[in-house]
């Protein structure tokens, strides 16, 4: 005899806890080689979930997670290299960008490098016509 279907154990996925929106180039459907850029943008969400806001106190917790330790070490290296030229907020921002690039590179490998170089060296960016 078959068991009755329980509506609480539905095969439908649960509602998401949060919505993540990323800004992508409008020509993405025509240039799928740029798709690995999503890895970088989603890495920002992972870093935010792991570490909180860039200026939050989580940067000074006494027992950091592995990802927090990586972010701190990158920040410390940036501060050490540019002692007079960079403040704490910018060092944290650059550390997050660097780690987001590293996470995207770890996932998408050379396709991320290709997409990044395509985006960075595009004509609009070189001519200063791109805007955020």
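Numbering (the working numbering), first residue to last: 25 to 156.
Just so it is clear, CB atoms sit at the ideal spot from N, CA and C, and this is done for glycine as well.
Have a look at residue 95 and residue 120 and give me their C-alpha separation to the nearest angstrom. Within the chain shown, numbered from 1, the residue matching residue 95 stands at position 71. Within the chain shown, numbered from 1, the residue matching residue 120 stands at position 96. Just so you know, the alpha carbons of residue 95 and residue 120 end up roughly 7 Å apart.
Excluding the five sequence neighbours on either side, which residues of its own chain have a C-beta within less than 8 Å of the C-beta of residue 35, listed in chain order? As a first step, residue 35 is located in the chain shown; it is residue number 11 there, counting from the start. Note that residue 35 scores 48 on pLDDT, short of 50, meaning its location in the model is unreliable; the coordinates nonetheless yield the value given after this. Cβ neighbours of residue 35 beyond the five flanking positions: none.
Please state the DSSP three-state secondary structure of residue 77. The sequence position of residue 77 within the chain shown is 53, counting from 1. Residue 77: coil per DSSP, three-state reduction.
Counting contacts by CB-CB distance shorter than 8 Å, is residue 101 in contact with chain C? The structure shown contains no chain C, having only a single protein chain.
Between the segment 57–76 and the segment 120–131, can you find at least three pairs of beta-carbon atoms closer than 8 Å? Cβ pair count under 8 Å is three or more, so yes.
Using only the alpha-carbon positions, how far apart do residue 116 and residue 71 sit? Here residue 116 refers to the residue found at position 92 of the chain shown. Here residue 71 refers to the residue found at position 47 of the chain shown. For the pair residue 116 and residue 71, the Cα-to-Cα distance works out to about 12 Å.
Return helix, strand or coil for residue 141, following the three-state DSSP convention. Position 117 of the chain shown, counted from the start, is the residue given in the question as residue 141. Here residue 141 sits in helix by DSSP.
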